[in-house]
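The opening residue of the sequence shown carries number -7 in my numbering; numbering runs sequentially from there. For reference, the structure is listed below as C-alpha cells.
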Amino acid sequence: MNNEALQQWVERISITFFGRPFLHHATFNSRLKATGGRYFTRSHNIEISPHQLSEFGPEETEKIIKHELCHYHLHIMKRGYKHRDADFKQLLAHVGGSRYCQSLPERAQSKQQPFRYKLICRNCGMEYLRKRKVDPAKYVCGKCRGKLLLKTIDIESTT
C-alpha cells in the first residue's frame, strides 16, 4: 500500500465513523517502531507505521487510524484531544479505535535481551543491572550514595 491509498483509506474512515472529512495529509513513516501512528497538532497531518500493517493486518491498522483521527477531529473542534481527556476516551470507545498498538516482534525481542552491564557500589556492594552502558561517574548508589563501578557481564556464561 502506498501513501495515496492510505490517504483515501483515512478519508473513508473519517467520513464513515466520524461523519466529518479529513482535510489534511496521511502518510506512512517507516521509522515508527514503538508507536502505531502520530498526529501533528501544528500541521494536522497523520503518520502511520507501515510495520503495523504488514505485521498485524488492516484490522489493527484501521484501529490505529481511528485513534489518530480521534486526536485530529477533537483538536479541530477545540475539545479534549489528549490521551487523558474524557472527550478522547469517549470518542475512541465510540468509534472502536485502539488505545494502544501491539508491539512489533523485533521490538519485543529487544526488550527481552539480557543485561549486559552491572554497576556495583564500592561501599555497600549493591548491584544494579543495566542493558545499556552508562557512565558510572554520573551516578551514585541509591542505598548509601557511594561511588559505582561498571562491569561488563559475559552473556554466553549466563545463558
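Every residue gets a Cβ at the ideal spot worked out from N, C-alpha and C, and that includes glycine.
Residue i, enclosing beta strand (DSSP E) - first and last residue
{"i": "tyrosine 109", "result": "109 to 113"}
{"i": "arginine 30", "result": "29 to 31"}
{"i": "leucine 140", "result": "140 to 144"}
Euclidean distance between Cα positions of residue i and residue j
{"i": "lysine 55", "j": "methionine 118", "result": "45 Å"}
{"i": "proline 106", "j": "threonine 144", "result": "12 Å"}
{"i": "glutamate 39", "j": "glutamate 60", "result": "9 Å"}
{"i": "phenylalanine 9", "j": "aspartate 127", "result": "51 Å"}
{"i": "alanine 129", "j": "leucine 140", "result": "7 Å"}
{"i": "glutamine 0", "j": "phenylalanine 32", "result": "19 Å"}
{"i": "valine 2", "j": "lysine 123", "result": "39 Å"}
{"i": "glycine 28", "j": "alanine -3", "result": "17 Å"}
{"i": "aspartate 79", "j": "histidine 65", "result": "11 Å"}
Residue burial classification, residue i (beta-carbon count within 10 angstroms, cutoff 16)
{"i": "lysine 58", "result": "buried"}
{"i": "isoleucine 7", "result": "exposed"}
{"i": "histidine 63", "result": "buried"}
Residue i - containing alpha helix (DSSP H), residue span
{"i": "threonine 53", "result": "42 to 68"}
{"i": "lysine 74", "result": "Taken as a continuous stretch (DSSP letters only), lysine 74 belongs to no alpha helix (DSSP H), as it is neither H nor E."}
{"i": "arginine 122", "result": "Arginine 122 -> not in any alpha helix (DSSP H); beta strand (DSSP E) instead, spanning 119 to 122."}
{"i": "alanine 129", "result": "Neither: alanine 129 is in no alpha helix (DSSP H) and is coded neither H nor E."}
C-beta contact flag for residue i and residue j at 9 Å
{"i": "glutamate 47", "j": "glutamine 94", "result": "yes"}
{"i": "isoleucine 68", "j": "histidine 36", "result": "yes"}
{"i": "arginine 91", "j": "leucine 84", "result": "yes"}
{"i": "glycine 134", "j": "tyrosine 120", "result": "yes"}
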